[in-house]
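In terms of mature numbering (1 follows the signal peptide of the UniProt record, and there is no 0), the sequence shown is residues -22 to -1, 1 to 587.
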Amino acid sequence: MKKSLLAATIASLCLPSFASSAADTTSDDVMVVTANRFEQPITSVLAPFNVVTRQDIDNVQAKTLTEVLSLLPGVQITQNGGRGQSSSIFVRGANSDQVLVLVDGIRMARSVAGNVDFNQIPLTQVERIEFTRGARAAIYGSEAIGGVINIITLTGTDTPSKTKLDLGIGSHNYQEANASGAYKIGDKTVLQLAAGYENDKGYNVHPQPGLNDGDKHGFDSRNASLALHHQFSDQVSGYVATRWYKNHYQYDGSSIYSGHQYVRAETEFNDYSAGLKYAQDSYKSSVIFDYQKQDNLDRIDKTNVINRQDQYHQRNVQWHNQYQLLSTLSVSGGIDWRQEQWNDLTGFAGNKERDNTGYYAIGLWDYSPVSIETSVRLDDNQQYGTHSTYNIAGGWYLNDNIQLRGSYGTAFKAPNLYQLYVKSAWSTGNPNLNPETSKNIDVSLHADYDIGSLAVTAYQMRIDDLINYTGGAPSYENVAGESKIKGVEVEADFDTGIISHQLNFDFKDPRDSKGQQLIRREKFSFKWVGTASYGDLDTAVTYQYHGKRPDFDAELPAYDTWDLALTYWLQPKLALKGRVANLLNEDYETAAGYVMPGRTFYTSINYQF
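Written out as structure tokens, the structure reads:
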């Protein structure tokens, strides 16, 4: 009764809406790059698309990328407890490694061994997130089955000078200190800097009475980034950049078989990149070079025995070209090459390496009221040979406000090196795995009016040779036959006075070829997120409901959570912030046996100049 009363009070004060928002998703001048690898107005994108800005992240006072991504339509997050613990993302019910994660347009090196751990990406370095759903393998290659997430950290030469400082504390002895800035050096050069520190003593994320009583599993992170952008001429610009972070965290490996295992883990990541852009009349071209290295080391506490020690390396070169043939017709294409390497320093799996080269072409024809987009790609994988994929999409404005869209695309995903070769107590690789292939179809209706917008999308994915983790005899296998995921997404944005609202529903039926509901995949979710301003006080409230879903040996019940964030502007550039996560202290798990944080408090002070 008390929870219901409190929830009703919150809703009446601050009817929610996520600030990524109606303004960003309907404005004609919002330019995005992730949908087709070239800059275009968001209104011309024919795939479902969302943008999250730095301001949006600050408004909800998110501490992690998973908190931000969990608010997006079609997204489900699972996590083995609190800050720093292993996490996975499911987009439209697709496996976590069937979602392509980019940072500034480049795959993360962690994808060499499977899904990206979003807890390891410092949120302080993020300027913007672009998210598109549906198959984009014809543009990006392997992994882009469920969607693409592009985490953008770089700005550009047109960025005004600014500095931002944050200091904060919170529950579980949480501490943070972050600084970032962009500084004009003359008229043609911008220096971009960021550095941060974060520490959380944590709690027992995997309580097992009699085995790990009193344990706490915390997280510690240090990060820094530097980028230099320069405009060489009216036609040529370029940048060099580097990012670094080093994280320490603890997790629990205890079991009735191994006894008490308190594991201390360390991850260090380095990224070096450089790029050039050329634009002359109707022709644009860009080239990017990138190298990433990630070192991982796990030790069992007290015994100091090495539990895991390995390295990921990735080298990437991209060359992209675009030409505007007519005012209504543009074509683009290019080549991307990457070399991925996994070194198991414990000696069990050894060193594994492979190359992949992709060639792609894209055409976009826009002759109002009809738009057509086509793309085709050929990937040459060192292990699996050549694979071709394609996508075709169309849009038709029924009137000035309503557009009907449809698309059909194919995709494939090569098994990652971890699935093929890992040898550990938790899993054994299977070198006989086949690539996954899929066929995706979307049909949607979009309505935009002055009072708000509405989008309804129906989709279906058919995946052959789905790669599944088998918990009984821990390994990986291809599920014979065709796994099917079908669903409907509903998104709505509208304002009532000074209050903005954004909500989304997700109905889906994720099943493997045997008709079984996919592990940890829910059938229904509802999200209602929002902001409102009252003088010097900004408020943000988020609500999420997630339906029940199966785990390996259990069924996880449905749960819902409320978060509240308040920002009070002491001066135009000085803000005092407070946030309560899991406001009603919901007891829930997203992975069986791993307890998510209860009610958690944060406060911080922010200065911008």
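We treat Cβ as the ideally placed atom computed from N, Cα and C, and that holds for glycine.
Of the choices the options, whose alpha-carbon is the least far from that of residue i?
i: tyrosine 229; options: Arg61, Gly341, Lys262, Asp259; result: Arg61
i: glutamate 351; options: Gln317, Thr102, Ile117, Val218; result: Ile117
i: valine 421; options: Lys401, Arg383, Asn156, Asp191; result: Arg383
i: arginine 114; options: Gln296, Val29, Tyr368, Ser346; result: Tyr368
i: tyrosine 256; options: Gly174, Leu303, Asn299; result: Asn299
i: phenylalanine 197; options: Gly180, Gln209, His207, Pro185; result: Gly180
i: proline 409; options: Thr415, Val400, Asn274, Ser22; result: Val400
i: proline 51; options: Asp529, Glu533, Asn482; result: Asn482
i: glutamine 272; options: Ile278, Ser402, His291, Trp374; result: His291
i: threonine 388; options: Asp442, Ile107, Val434, Asp259; result: Asp442
i: glutamine 522; options: Ala543, Leu323, Glu121, Asn560; result: Asn560
i: arginine 88; options: Ala392, Asp82, Asn274, Ala13; result: Asn274
i: glycine 372; options: Gly508, Ser22, Ile266, Pro535; result: Ser22
i: serine 65; options: Arg557, Arg498, Ser503; result: Arg498
i: glutamate 467; options: Thr435, Glu460, Ala458; result: Thr435
i: glycine 188; options: Glu105, Gly237, Gly159; result: Gly237
Please go through the same chain and pick out, in chain order, the residues whose beta-carbon is closer than 7 angstroms to the beta-carbon of residue i, but skip the five residues on each side of it.
i: tryptophan 404; result: Pro452
i: isoleucine 147; result: Gln153, Thr581
i: asparagine 321; result: Asp288, Gln289, Asn329
i: proline 535; result: Lys526
i: glutamine 186; result: Ser232
Who are the Cβ neighbours of residue i in its own chain at under 6 angstroms, not counting the five residues just before and after it?
i: cysteine -9; result: Per-residue confidence for cysteine -9 stands at a pLDDT of 38, beneath the threshold of 50, marking its modelled position as unreliable; the derived number appears in the next sentence. Cβ neighbours of cysteine -9 beyond the five flanking positions: Ala510, Thr517, Val519.
i: serine 199; result: Glu176, Asn225
i: serine 48; result: Ile55
i: asparagine 412; result: Asp443, Asn456
i: leucine 415; result: Strictly speaking, residue 415 in this sequence is threonine, with leucine absent from that position. Excluding positions up to five away in sequence, the list reads Phe390, Asp442.
i: leucine 24; result: Glu351, Ala371, Gly373, Arg383
i: glutamine 317; result: Arg293, Asp333
Using the three-state DSSP reduction, which class does residue i fall into: helix, strand or coil?
i: arginine 32; result: helix
i: alanine -1; result: The predicted model places alanine -1 with a pLDDT of 32, which falls under 50 and marks its position as unreliable; any figure quoted below should be read in that light. Residue state, collapsed to three classes: helix.
i: serine 402; result: coil
i: asparagine 128; result: strand
i: lysine 88; result: A quick correction: the sequence has arginine, not lysine, at residue 88. DSSP places arginine 88 in helix when its eight states are reduced to three.
i: serine 74; result: helix
i: asparagine 156; result: strand
i: isoleucine 123; result: coil
i: isoleucine 99; result: coil
i: leucine 43; result: helix
i: residue 612; result: Because the chain is modelled from -22 through 587, residue 612 falls outside the range shown and cannot be assessed.
i: alanine 116; result: helix
i: threonine 21; result: helix
i: tyrosine 269; result: strand
i: glutamine 549; result: strand
i: tyrosine 256; result: strand
i: tyrosine 454; result: strand
i: glutamine 63; result: coil
i: leucine 395; result: helix
i: proline 488; result: strand
i: arginine 221; result: strand
Buried or exposed: which applies to residue i, given that a residue is buried once 16 or more other Cβ atoms fall within 10 Å of its Cβ?
i: methionine 9; result: exposed
i: valine 348; result: exposed
i: phenylalanine 27; result: buried
i: lysine 41; result: buried
i: asparagine 282; result: exposed
i: arginine 577; result: exposed
i: leucine 496; result: buried
i: leucine 376; result: exposed
i: lysine 166; result: exposed
i: glutamine 258; result: exposed
i: lysine 280; result: exposed
i: asparagine 563; result: exposed
i: aspartate 531; result: exposed
i: glycine 336; result: buried
i: glutamine 480; result: buried
i: serine 211; result: exposed
i: isoleucine 127; result: buried
State yes or no: is the C-beta of residue i nearer than 7 angstroms to some heavy atom of the ligand NAP?
i: glutamine 302; result: With respect to small molecules bound, the structure shown includes none, and the ligand NAP cannot be examined in it.
Round the Cβ separation of residue i and residue j to the nearest angstrom and send it over; I've been treating them as touching at under 8 angstroms.
i: glycine 125; j: valine 46; result: Wrong, their Cβ atoms sit about 15 angstroms apart, outside the cutoff.
i: glutamine 270; j: serine 203; result: Actually they are not in contact, since the Cβ atoms of glutamine 270 and serine 203 sit about 13 angstroms apart, beyond 8 angstroms.
i: tyrosine 437; j: lysine 464; result: 7 angstroms
i: glutamine 57; j: threonine 568; result: 5 angstroms
i: histidine 150; j: aspartate 191; result: Histidine 150 to aspartate 191, Cβ: 18 angstroms. No contact.
i: lysine 486; j: arginine 70; result: 7 angstroms
i: asparagine 14; j: leucine 342; result: 7 angstroms
i: alanine 155; j: glycine 174; result: 7 angstroms
Consider the Cβ of residue i: report whether some Cβ of chain B lies at a distance smaller than 8 angstroms.
i: glycine 571; result: Among the protein chains of the structure shown there is no chain B, as only one such chain exists.
Report all residues from its chain with a CB closer than 8 angstroms to the CB of residue i; omit the five preceding and five following residues, and keep chain order.
i: glutamine 360; result: Arg332, Asp333, Asn334
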